[in-house]
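Under the numbering used here, the residues of the sequence shown are numbered 1298 to 2244, in order.
Reading through the structure tokens given below for one structure.
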Amino acid sequence: MARTRKSTPSAEPSPAERYAASRRRAEVERTELSRFRELLSFPLDEFQIDACLALERGSGVLVAAPTGAGKTVVGEFAVHLALESGRKAFYTTPIKALSNQKYGDLVRRYGAEKVGLLTGDTTINGDAPVVVMTTEVLRNMLYAGSSTLQGLGFVVMDEVHYLADRFRGPVWEEVIIHLTDDVQLVSLSATVSNAEEFGDWLATVRGDTTVVVSEHRPVPLGQHVLVRGELLDLYAGHVDPTDPGVDPPINPDLSHLLRRSNREEEPIGRRGPGHKGRQAHRPSRPGGGRPTPRFAVVDALEADGLLPAIVFIFSRAGCQGAVQQCLAAGVRLTTPAEAARIRMIVEEKCAAVPPEDLPVLGYWEFAEALSRGVAAHHAGMLPLFKETVEDLFSQGLVKVVFATETLALGINMPARSVVLEKLVKWDGSNHVDVTPGEYTQLTGRAGRRGIDTEGHAVVVAHSGLDPVQLAGLASKRLYPLKSSFRPTYNMAVNLVAQVGRDRAREVLETSFAQFQADRGVVGLARQAQAHTEALDGYAKAMECHQGDFTEYASLRRQITAREKDLTRAQASARRAEVARTLEGLRPGDVLEIPVGRRSGHVLVIDPGGEAGFDGPKPTVLTVDRQVRKLTVADVGTGARTVGFLRVPKGFTARVPAARRDLAAQLRTAVSDGGHAHTSGKGKGKVRPTRRTAATDDAEIAELRRRMRAHPCHGCPDREDHMRWAERWARLSDEHDALVARIAGRTGSIAAVFDRICDVLLGLGYLSQSDEGGRGTLEVTAEGRWLRRIYAENDLLLAECLRRGVFDELDAPGLAAAVSALVYRSRRDDQGEPHVPGGPASRLGVALDATVRAWSELDDLEAAHKVETTQPLDTGLVEAVHRWAAGRSLDAVLKGKELSAGDFVRWCKQVIDVLDQISQAAPTDRVRDTARKAVEALRRGVVAYSSV
1298 MARTRKSTPS AEPSPAERYA ASRRRAEVER TELSRFRELL SFPLDEFQID ACLALERGSG
1358 VLVAAPTGAG KTVVGEFAVH LALESGRKAF YTTPIKALSN QKYGDLVRRY GAEKVGLLTG
1418 DTTINGDAPV VVMTTEVLRN MLYAGSSTLQ GLGFVVMDEV HYLADRFRGP VWEEVIIHLT
1478 DDVQLVSLSA TVSNAEEFGD WLATVRGDTT VVVSEHRPVP LGQHVLVRGE LLDLYAGHVD
1538 PTDPGVDPPI NPDLSHLLRR SNREEEPIGR RGPGHKGRQA HRPSRPGGGR PTPRFAVVDA
1598 LEADGLLPAI VFIFSRAGCQ GAVQQCLAAG VRLTTPAEAA RIRMIVEEKC AAVPPEDLPV
1658 LGYWEFAEAL SRGVAAHHAG MLPLFKETVE DLFSQGLVKV VFATETLALG INMPARSVVL
1718 EKLVKWDGSN HVDVTPGEYT QLTGRAGRRG IDTEGHAVVV AHSGLDPVQL AGLASKRLYP
1778 LKSSFRPTYN MAVNLVAQVG RDRAREVLET SFAQFQADRG VVGLARQAQA HTEALDGYAK
1838 AMECHQGDFT EYASLRRQIT AREKDLTRAQ ASARRAEVAR TLEGLRPGDV LEIPVGRRSG
1898 HVLVIDPGGE AGFDGPKPTV LTVDRQVRKL TVADVGTGAR TVGFLRVPKG FTARVPAARR
1958 DLAAQLRTAV SDGGHAHTSG KGKGKVRPTR RTAATDDAEI AELRRRMRAH PCHGCPDRED
2018 HMRWAERWAR LSDEHDALVA RIAGRTGSIA AVFDRICDVL LGLGYLSQSD EGGRGTLEVT
2078 AEGRWLRRIY AENDLLLAEC LRRGVFDELD APGLAAAVSA LVYRSRRDDQ GEPHVPGGPA
2138 SRLGVALDAT VRAWSELDDL EAAHKVETTQ PLDTGLVEAV HRWAAGRSLD AVLKGKELSA
2198 GDFVRWCKQV IDVLDQISQA APTDRVRDTA RKAVEALRRG VVAYSSV
């Protein structure tokens, strides 16, 4: 496998380098690449030439280069080669928006008759010689043995580093593994630190692969900090920002101003060297002061000539709020002519939206902000609105976009500057620091090739900002690519059907995940050898002349272990006693929580049903309007029921106004003494027990007697020996765990596959010819349904089809039921959703049967040590049912904390699964209902497509 690493070329090449360049130009002129270059309006960089020449020689290529460097040119050359040689080319992307964008690019170059598009909800000219598609579509084709694959010569995998994504990444590896050997693979990746390792794996599974790595940005990137309206360089003046090195020195003026800001001193009045900046005479506040207003950030960028800009705010509400702040502050970044053109484009693009839906979508505010050159961009927006923003920004009409990190993936929206409001983001469960890889990906959009001489990465000064930490982020541009591959039920039945169990295990052992695991074993084995040598030394050091010290140390460890067991049992008993204070509650009970992280008063909205392993989890409303699931860990020594407050009929926790009114009543009741003790209700707090269980334990007493009688107990060096014995014991445990890890990593992917097959055998999706032994596995009739289901909850969906759960549902009911299998709420405090028709309706019965199927499947998976299926989320049931029943968008979203963009996105995923059901369902009735459900959902804003 050839490897090529390119760095920034020297300013003055040597005679030998000039001669080599001349030979290279002559070589290129005799290739197909020279004809391809005539189609381009710009010269190719060295890394692009290297990759294209390797591709023309018949090699697969992996190109790793920064965002904006021009990796896609290599993919486009693969398309050119396919058309010239009469073969097909598939161009795959991770998301539909990127597929749509690339489809438009290729249509403009080659014409609509030669280019097709296949995404989950769009099919255009699917038999064309060049087809753009999402990676999932290609995976499904490979498993189905689609005739469209005939004549395929090239596959381009754009954003291939996406295979590290936990949820969708495995699809990339499935495609790479299952493509036939005669297909040339073009992998386009962001710069990653282990590109050679990934290339080695590609060469193992695909054959000859050339790795081309470029870490050179075509547009240099400057690093800055915005301190209360003034822009300063991050690095000291003598540091080259394009190559800062390790631990680069910080601009002393920046360090000084940040310290002074934190100490609440006089207004800032100095500029950083080499930069114009506007002075902002605002009084600073302790802890870094109040964050710079977002409109002030825009003003500073405009004053320093740094527009257009993308401002990353890791919150949808923050993005919308930033636009509102700019409008309220009178920000206007467009000329009257630009504003008029923007309005015309917006009206033209949004003409397909029904007029009655415009107010619900916030169209007028959206259009007004765009006319001023300001916009938001996040996953909660309507796809049509996002595409409008992207189009206007790429034309230079919109000057500032406030965006979440989803914008960083693939979409072509280069800017002069990129701003990060903070270096901390919410990952769905915790606030986490932005990683070097994420920082590189986000700031990679700064600097427009052919327009800007320099791009600008700007971090807004905020409380806790450490310039040294920022320099570390900015200088560490590489991050490792780690596989997220794991076998799935659908993958298992497809592999068994195509190649049988034994061959399937061999195929899975060629995955990048197993490749990385096997390489890691080498290092672990060396570590295990070092452990063995150290253990021998510790054993010698703890030898005692009075007896067997290993035996004596074992007695002491047994005493310690027994004491810990008793302490845990005592803590568990106290926890159970605390859990009993949360049992027997009813809606309206007012609880007092004396201590703990939820101390105060709360109102029970939902008692939480049967107590699980962790005790009851009632849903409560706090005095500050928050809806929470209350757990044993939240209530300290226990909760007391101290009163009752009627919960209004029809109360919905999703409605902010309802939460506000009820919380106000709770505060009033508490302050008026309305929480006086209810006679006979509730339990007092649990009193801790002072006496420990170890005091009276017979087993501990016997162990202590044996310890005192042991010869080593009287050794004068006993404690010194014991310290070595403790070290030996700790290292021995580490060594045993390490040996287990080594054993677990060898063939680990195939072992998971075996357990998945065992689950499928137990449920009848696979059958075994030899009951007594390993036998040959075959796919049953039920397994053939599962082969056509690619949803995340594939096995649960197959179980519902097999059990006839959906048989009696109409189209709106089926769409709503499927939404429970697809939807994932962004919050865990949504309360109980409303089921149209109630629990006894056909939909209610179907949902109840689906929950039972999930529960049984969860138990089976746990017994086989398989990663369990995601539980149901019924938060979208009512909205999808209303939409499929023909209700207006206003009626669907009314009273729900669900954005129009989220609703459309989830509806399209429901449609995708319904399409699969229309092919896989065992009965004509369900297949027909699924097709009707697709038609019922695919209307209005949900039906919109940009192509």
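Even glycine gets a Cβ: it sits at the ideal position worked out from N, Cα and C.
Within 10 angstroms of the Cβ of residue i, are there 16 or more other Cβ atoms? Answer buried if so, exposed if not.
i, result
"Thr2220", "exposed"
"Thr1632", "exposed"
"Met1641", "exposed"
"Arg1854", "exposed"
"Asp1535", "Residue identity check: residue 1535 is His in the sequence provided, not Asp. With fewer than 16 other Cβ atoms within 10 Å, it is exposed."
"His1553", "exposed"
"Trp1661", "exposed"
"Ala1936", "buried"
For residue i, which of helix, strand or coil comes out of DSSP?
i, result
"Leu1604", "coil"
"Asp1596", "helix"
"Ser1691", "helix"
"Leu1888", "strand"
"Thr1934", "coil"
"Cys2204", "helix"
"Cys1841", "strand"
"Ser2066", "coil"
"Ala1758", "coil"
"Lys1399", "helix"
"Ser1976", "Model confidence at Ser1976 stands at a pLDDT of 38, short of 50, so the residue's coordinates are unreliable and nothing is read from them."
"Glu2232", "helix"
"Ile1392", "coil"
For residue i, which option in the options has the closest C-alpha, if you only look at C-alpha atoms?
i, options, result
"Ala2197", "Trp2180, Pro1915, Gln2213 and Asp2209", "Trp2180"
"Val1721", "Arg1745, Ala1758 and Gly1752", "Ala1758"
"Thr2226", "Tyr1459, Glu2158, Leu2098 and Ser2138", "Leu2098"
"Leu1888", "Val1932, Ser1869, Arg1865 and Arg1922", "Val1932"
"Gly1881", "Arg1865, Gly1905, Val1899 and Thr1864", "Gly1905"
"Ile2086", "Lys1837, Val1952, Gln1855 and Asn1791", "Asn1791"
"Glu1718", "Met1710, Pro1515, Val1731 and Gly1448", "Val1731"
"Glu1527", "Val1595, Ala1664, Asp1799 and Arg2202", "Val1595"
"Gln1824", "Leu1762, Asp2033 and Leu2000", "Asp2033"
"Ile2046", "Asp1815, Val1793 and Val1371", "Asp1815"
"Leu2234", "Ser2116, Val2163 and Gln2167", "Ser2116"
"Gly2270", "Gly1442, Gly1693, Trp2021 and Lys2205", "What is shown of the chain runs 1298 to 2244, which leaves residue 2270 out entirely."
"His2161", "Pro2133, Tyr1388 and Phe2050", "Phe2050"
"Tyr1407", "Pro1391, Val1429, Asp1418 and Leu1959", "Val1429"
"Ala1606", "Val1755, Val1509 and Glu1665", "Val1755"
"Val1472", "Arg1503, Ala1492, Asp2145 and Ser1444", "Arg1503"
Would you check whether the ligand MG has a heavy atom nearer than 7 Å to the C-beta of residue i?
i, result
"Glu1645", "Ligands in the displayed structure: none, and consequently the ligand MG is not present."
Once the 5 residues before and after residue i are set aside, which same chain residues still bring their CB inside 7 Å of it?
i, result
"Glu2105", "Arg2139"
"Gly1741", "Pro1363, Thr1364 and Gly1365"
"Arg1746", "Gly1365, Pro1515 and Val1516"
"His1753", "Gly1519, His1521, Leu1603, Arg1713, Ser1714 and Ala1743"
"Lys1573", "Because the pLDDT at Lys1573 is just 39, under 50, the model does not fix this residue reliably, and the value given afterwards should be weighed accordingly. The residues are Asp1601."
"Trp1469", "Thr1432, Met1454, Val1457, Tyr1459 and Leu1460"
"Val1796", "Val1804"
With a threshold of 8 Å between beta carbons, is residue i in contact with chain B?
i, result
"Gly2198", "The chain inventory of the structure shown lacks chain B, comprising one protein chain alone."
Considering only residues of the same chain and omitting the five flanking positions on each side of residue i, which have a CB-CB separation below 6 Å?
i, result
"Thr1416", "Lys1393, Ser1396 and Thr1431"
"His1377", "Phe1333"
"Thr1328", "Glu1353"
"Ala1533", "Pro1546 and Asn1548"
"Ala1626", "Phe1592"
"Gln1811", "Ile2046"
Can you list, in chain order, the residues of its chain whose CB lies under 8 Å from that of residue i, leaving out five sequence neighbours each side?
i, result
"Leu2245", "Lying outside 1298 to 2244, the shown extent of the chain, residue 2245 is not represented and no answer is given."
Inset, instruction - Count the CB pairs spanning the segment 2006 to 2026 and the segment 1838 to 1846 that are closer than 8 Å, and state whether there are at least three. - result: Yes, they touch.
Inset, instruction - Decide if the segment 2074 to 2081 is in contact with the segment 2049 to 2061; the criterion is three or more beta carbon pairs, one per stretch, under 8 Å apart. - result: Result yes; three or more Cβ-Cβ pairs closer than 8 Å.
Legend entry - Stretch-stretch touch, CB-based, cutoff 8 Å, three pairs: the segment 2107 to 2120 with the segment 2171 to 2178: Segments in contact, yes.
Legend entry - the segment 1460 to 1474 in contact with the segment 1776 to 1785 per 3-pair CB rule at 8 Å: Between the segment 1460 to 1474 and the segment 1776 to 1785 there are three or more inter-stretch CB-CB distances shorter than 8 Å, so the stretches are counted as touching.
Inset, instruction - Please determine if the segment 1615 to 1629 and the segment 1670 to 1679 are in contact, where contact requires at least 3 C-beta pairs separated by less than 8 Å. - result: At 8 Å Cβ cutoff, the stretches touch.
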